[in-house]
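Here the protein sequences come in this chain order: A and B.
So for the first sequence, this note's numbering puts the first residue at 1; every next one is plus one.
So for the second sequence, this note's numbering puts the first residue at 1001; every next one is plus one.
The C-beta atom is built at its ideal place from N, Cα and C for all residues, glycine as well.
A quick note: this is a predicted structure, and the numbers were derived from the prediction, not measured.
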Amino acid sequence: MTSPRKKLFRLPWRTPRQIRDDVDEELRFHLDMRIAALTSAGLSPDAARQRATHEFGDLDDARRYIGAVDRDIEAAQRRSDFMNDLWHDMGYALRKLRAAPMFTLAAIATLALGIGANTAIFSVVNNVLLKPLPFPHADHLVRIRYTQQGHGDVATPMDLIDNRTRAKNFDGFSIIEGTTANLTRANADAERVQGVRVNANWFALLRIAPLAGRFFTAGDDDAGAPNVAVISEQLWRRDFSADKSVIGKTVRINSMPFTIVGVAPGDRRYPITVELWMIKHWAPNELVDQSRGARWLGMLARVKDGVDIAAADNEVEKISEAMEKQFPEILRERRAHVVTVHEFLVGEIRKPLFIMLGAVTLVLLIACANVANLMLVRATARESEMAVRTALGAGRGRLIRQLMTESVMLSLVGAAVGLAVARLAMHEMLGRAPQNLPFVATASIDGTTLAVTAIVALFTGVIFGVLPAMQVGKHDLATALRAGSRGTRTRPGANGAKRIIVVAEVAVAVTLLTGAGLLLHSFAKLLSVDPGFRADGVLTMKLLLPQSYDSTASQNFARALEQRVRALPGVKSVGLANFIPLDGGSENYAFTIRGHAPVRPSEQPSTEARKVTPDFFATMGMPILRGRAISATDQPGTPQVLVVNQAFVHQFFPTADPIGKSIALGWGGIPGGDEREIVGVVGDVHSFGLEDAPEPTVYAPIAQRYDHTISIVVRTAGPPATVATPLRSLVRDLDHELPVYSVQTMEERVSGSVGRQRFYASLIAIFAAVALLLSAVGLYGVIAYAVSQRTHELGVRVALGATSDRISRMVIGEGLLLTAVGIVLGLFASLFAGRVVSSLLFGVGALDPMTIGGVVLVLAGVAMFASWLPARRAARVDPLIAMRGD
Amino acid sequence: MAASPMDLLQGTLDVLVLRTLAWGTMHGYAVSRWIHQRTDGVLEIEDAPLYKSLHRLERAGYVSAEWGLSENNRRARYYSLTPAGRRQFAAEESAWRRYAEAVSKVLEPT
Chain A
1 MTSPRKKLFR
11 LPWRTPRQIR
21 DDVDEELRFH
31 LDMRIAALTS
41 AGLSPDAARQ
51 RATHEFGDLD
61 DARRYIGAVD
71 RDIEAAQRRS
81 DFMNDLWHDM
91 GYALRKLRAA
101 PMFTLAAIAT
111 LALGIGANTA
121 IFSVVNNVLL
131 KPLPFPHADH
141 LVRIRYTQQG
151 HGDVATPMDL
161 IDNRTRAKNF
171 DGFSIIEGTT
181 ANLTRANADA
191 ERVQGVRVNA
201 NWFALLRIAP
211 LAGRFFTAGD
221 DDAGAPNVAV
231 ISEQLWRRDF
241 SADKSVIGKT
251 VRINSMPFTI
261 VGVAPGDRRY
271 PITVELWMIK
281 HWAPNELVDQ
291 SRGARWLGML
301 ARVKDGVDIA
311 AADNEVEKIS
321 EAMEKQFPEI
331 LRERRAHVVT
341 VHEFLVGEIR
351 KPLFIMLGAV
361 TLVLLIACAN
371 VANLMLVRAT
381 ARESEMAVRT
391 ALGAGRGRLI
401 RQLMTESVML
411 SLVGAAVGLA
421 VARLAMHEML
431 GRAPQNLPFV
441 ATASIDGTTL
451 AVTAIVALFT
461 GVIFGVLPAM
471 QVGKHDLATA
481 LRAGSRGTRT
491 RPGANGAKRI
501 IVVAEVAVAV
511 TLLTGAGLLL
521 HSFAKLLSVD
531 PGFRADGVLT
541 MKLLLPQSYD
551 STASQNFARA
561 LEQRVRALPG
571 VKSVGLANFI
581 PLDGGSENYA
591 FTIRGHAPVR
601 PSEQPSTEAR
611 KVTPDFFATM
621 GMPILRGRAI
631 SATDQPGTPQ
641 VLVVNQAFVH
651 QFFPTADPIG
661 KSIALGWGGI
671 PGGDEREIVG
681 VVGDVHSFGL
691 EDAPEPTVYA
701 PIAQRYDHTI
711 SIVVRTAGPP
721 ATVATPLRSL
731 VRDLDHELPV
741 YSVQTMEERV
751 SGSVGRQRFY
761 ASLIAIFAAV
771 ALLLSAVGLY
781 GVIAYAVSQR
791 THELGVRVAL
801 GATSDRISRM
811 VIGEGLLLTA
821 VGIVLGLFAS
831 LFAGRVVSSL
841 LFGVGALDPM
851 TIGGVVLVLA
861 GVAMFASWLP
871 ARRAARVDPL
881 IAMRGD
Chain B
1001 MAASPMDLLQ
1011 GTLDVLVLRT
1021 LAWGTMHGYA
1031 VSRWIHQRTD
1041 GVLEIEDAPL
1051 YKSLHRLERA
1061 GYVSAEWGLS
1071 ENNRRARYYS
1081 LTPAGRRQFA
1091 AEESAWRRYA
1101 EAVSKVLEPT
């Protein structure tokens, strides 16, 4: 648009007023010239003016038009000047950065660490929290949580009926029941897959289309309808080679024939790890008012388009209240709430993720501080360069802009390298994320992440660049020029800025280290919890008997299994149970204590219940504290017995001796409950997690109470994993349709149960280590620079008799003083950091003195080392050389 | 042939201005005089559209302007062709010649 002709110098920018004046002057010149010409040709001045004006035409219109055109020209000129300056500044910056490769490399490496960490964590946050679920109108897809007296979030079969008949704000409801499924195909080993039972409207609620075949339709729900199943794309590709002819084929699931009717797209599954969907068929005793106390189902619903979630929440709450009025005994204080499926999935990891994001932001701030310090040191060395440019006419604003261009370029390059760092870090770390953190392992660097990284890089450049840039031109021009190429003497101002930056850096590092220390200490506490069993040398695995096994068949299977496993070489002892500690399984029943006054159903005590074989306790290493263990003589025909744990005794028999007492357990629909005598007390185990207190639990003999879920625990002489293969083939020999699954040593289960905590603690420990390293480097840099600036002074001191000890004490003292101030400030910030992480802590207070003491010691030690290196150099100053050099 | 004022199209005026400046750097008044003399008053061009044209050409990058001193020592705005303006003039000139030839061919008695 503008003139491509190169100007030798730039025209000053013009204001709109100046433009108007210029236009007027130009036109006046024209008229004056014309009038003069006409006058000299003989016209009277008046006639000449009239003629000239006439010849000119519409003067006002021309003035307006020209003014507008000139303002356009001016604006284009400013744009082009800006771009030219930027281009020029970038070229200049590039030359300057290349001329100082050590500085440039140090700055880029520091920034790449800081920005890379942010990119990595942000891409996880983006994937987990920001991206919507892959369903249309996913924000209206909700789970309904039922809580009673503060715990539980599960529904009963009748809740489905109540909601379907009463709710107006919903498109539909479906229950969901988790299940494991033994899948058998022709000519293949049985396989255990994760499945769910749902209502026929499940996929309609999700609003997705099948990849092949069809989803469930209304008729599939009917009692007596043929068994149909939908499989996931993953299962389809793995087991059926993505062959479309699988639609309509029959497979055996839990030893029953099922027809595969459809394939669900792999990236739009719900629940997100499920591979098999089946229809929930109701047992006759399930959809009746008597089942209102039986809570085990999840509930999915879709809120009508255009209806507020709050209104939907209000409605289910109202329905729940109405039902409580109708069945006050069972449903006392029961509450219902809707929560979006997204929140249901990621709600628990929002806070840890934000803490991680906070941690990497602190790392980035420390990186900024370090680079700012580097730039300040460089700014001192460049003072004469700046002075020369000022003398040649560059304004202070222009120089600041030049320096800011340099820092933003640095941070952009840092961000580019940081992206590579982030990719590498994500590759290393995300694979280690525990399976139960949804959407973490699949995080990747996408467009959003790139855009955010670019913005972060720009801000970073401004943050670390602005303080050094502002130092420009603060000093006397003549002094700077006279000092020549060696740079000027230290100015107190610049060194003050460096010190402030180091103090801030130490303070931020203290904050981050405290947060990391608290999480690590808490993790160590968690690991030191006695689980109540001996985890070493134990292998565990699970299997699920199909419904075709009745009571006798199950008992026979269990007996045969136990005998055969015991006979395997390397097996010291074996036990069976339906659920074992830390496997996530739970059975909870209400009970009444014989001899106690009857209570209302909603006030009945409840307990966890397990079914075990006689050798289970010994194999797990759970001590019998009183009475006896389950015995081989406890058979269907003998008295019904129970062993209870200590937590049970503490809660229900705090004063009396529990041995010989009887309780009636409400399992199996036996009228009045299944009455059993307590014969022994066993030690507590942490069934649900090391951080959870042991629940009251009763153990019944498997021989008296069979179960379709069987867990095998084996104590081995050698490494436990070695018996896995013989165990598998042993089970296959017993029933080839029974896949074993969840084959893990007990130690793996313990370790897996703290997977989240380990993941969080190790991530934040990495960030804290980076922060510590960066601030040590920062401190070293400032002290070392101060020493090099004071060489002359130190020389004088040595000449006047200061010993090298005294000199190094002085230098170290300065470093420690800066650190001490930083630590004190950081401790104040740590009060806040402690409160932020407190909800993630176990057994450690937010003001844990051990952690805080450790952090102070570590930082003081690092500071000591970082100052000792320059101090050693200072102590070796030769007074002659030092003073001559000035 | 009667000398009658003609309505000049914007584009036509632009070509004339470019042609004039092809002679060399001059201020607006000089451009105006030069065109008057060359056209022997056949084209009665007002000065207002002429100045509009000069600034329009400057915005288009065909002309650059600088303040300088006139022959009678006054501040005057001097215009000169830029390389882009020179190219533009060459293109427009040949287009004009073809156009004029075509018109005169039509008007020639056969």
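Proximity below 9 Å, CB of Phe-173 (chain A) to CB of Ala-264 (chain A): no
Using a Cβ cut-off of 7 Å, which residues of the segment 41–73 of chain A contact any Cβ in chain B, in chain order? Glu-55, Phe-56, Gly-57, Asp-58, Leu-59, Asp-61, Ala-62, Tyr-65, Ile-66, Val-69, Asp-70, Asp-72 and Ile-73
Given a limit of 8 Å on CB to CB distance, which residues of the segment 1008–1030 of chain B reach chain A? His-1027, Gly-1028 and Tyr-1029
Ala-1102 (chain B) at chain A interface by Cβ criterion, 9 Å: no
Would you mind telling me which residues of chain A sit closer than 7 Å to Asp-1047 (chain B), beta carbon to beta carbon, in chain order? His-30, Glu-55, Phe-56 and Gly-57
For the pair the segment 107–115 of chain A and the segment 359–376 of chain A, tell me if three or more CB-CB distances fall below 8 Å. yes
I'd like to know if Trp-1096 (chain B) contacts chain A, where contact means its C-beta is closer than 9 Å to some C-beta of that chain. no
Would you mind stating whether Thr-184 (chain A) and Gly-195 (chain A) have Cβ atoms separated by less than 9 Å? no
Let's see if you can read the secondary structure: which residues bound the alpha helix (DSSP H) around Tyr-760 (chain A)? 755–789
Between Ala-871 (chain A) and the rest of its own chain, which residues show a CB-CB distance below 7 Å, the 5 nearest in sequence each way excluded? Ser-808, Val-811 and Ile-812
CA-CA distance, Thr-1017 (chain B) and Val-377 (chain A)? Just to set this straight, residue 1017 (chain B) is Val in the shown sequence, not Thr. Those two C-alpha atoms are separated by around 59 Å.
So, for Phe-759 (chain A): in the same chain, excluding its five sequence neighbours on each side, which residues have a beta-carbon less than 8 Å away from its beta-carbon? Arg-432, Ala-433, Pro-434 and Leu-437
Test: Trp-13 (chain A) CB closer than 9 Å to a CB of chain B: no
Under the rule that 16 or more other beta-carbon atoms within 10 Å means buried, what is Ala-200 (chain A), buried or exposed? buried
C-beta neighbour in chain B for Leu-38 (chain A), strict 9 Å: no
Using a Cβ-Cβ cut-off of 9 Å, state whether Arg-401 (chain A) counts as contacting chain B. no
So, under 8 Å CB-CB, Pro-569 (chain A) and Ala-590 (chain A) are touching, yes? Tell me the CB distance rounded to an integer number of Å. No, Pro-569 (chain A) and Ala-590 (chain A) are not in contact; Cβ-Cβ is about 45 Å, not under 8 Å.
Residues in its own chain within less than 8 Å of Leu-576 (chain A) by CB, not counting five upstream and five downstream? Ala-558, Leu-561, Glu-562, Val-612, Thr-613, Phe-616, Ile-702, Ile-710, Ser-711, Ile-712 and Val-713
Report all residues from its chain with a CB closer than 6 Å to the CB of Glu-324 (chain A); omit the five preceding and five following residues, and keep chain order. Leu-331 and Arg-334
Exposed or buried, which one is Asp-162 (chain A) when buried takes at least 16 other CB atoms within 10 Å? buried
Count the other C-beta atoms from every protein chain shown that fall within 10 angstroms of the C-beta of Ser-232 (chain A), then say buried if there are 16 or more, exposed otherwise. buried
Inter-residue spacing [alpha-carbon to alpha-carbon] between Thr-380 (chain A) and Val-417 (chain A): 28 Å
Give me the residue from A:Leu-880, A:Phe-767, A:Leu-779 and A:Gly-778 with the minimum Cα distance to Ile-121 (chain A). A:Phe-767
Buried or exposed, going by whether 16 or more other CB atoms sit within 10 Å of the CB of Val-1103 (chain B)? exposed
Buried or exposed (CB count within 10 angstroms, at least 16 for buried), Ile-108 (chain A): buried
Hey, could you find the ends of the alpha helix (DSSP H) Met-33 (chain A) is sitting in? 16–40
What do you reckon, are the CB atoms on Thr-1139 (chain B) and Val-1106 (chain B) nearer than 9 Å? What the structure shows of chain B is the stretch from 1001 to 1110, and residue 1139 (chain B) is not part of that stretch, so it cannot be assessed.
Along the chain, where does the beta strand (DSSP E) containing Met-541 (chain A) start, and where does it finish? 538–544
Examine chain A for any beta-carbon lying closer than 9 Å to the beta-carbon of Trp-1034 (chain B), and answer yes or no. no
Using a Cβ-Cβ cut-off of less than 8 Å, list which residues of the segment 1073–1088 of chain B approach chain A; keep chain order. Arg-1074, Arg-1075, Ala-1076, Arg-1077, Thr-1082, Pro-1083 and Ala-1084
Under 9 Å between C-beta atoms, does Ala-209 (chain A) make it to chain B? no
Proximity test, Cβ basis, 9 Å: Arg-1038 (chain B) and chain A: no
My guess is that Leu-141 (chain A) and Val-346 (chain A) are in contact by the Cβ rule of under 8 Å, so how many angstroms apart are they, rounded? So it is not a contact: roughly 14 Å between Cβ atoms.
Applying the criterion that 16 or more other CB atoms from any shown protein chain within 10 Å of the CB defines a buried residue, is Thr-722 (chain A) buried or exposed? exposed
Here's the rule I'm using: 16 or more other beta-carbon atoms within 10 Å means buried, otherwise exposed. How should Thr-655 (chain A) be labelled? exposed
According to the Cβ coordinates, are Asn-373 (chain A) and Val-502 (chain A) closer than 9 Å? yes
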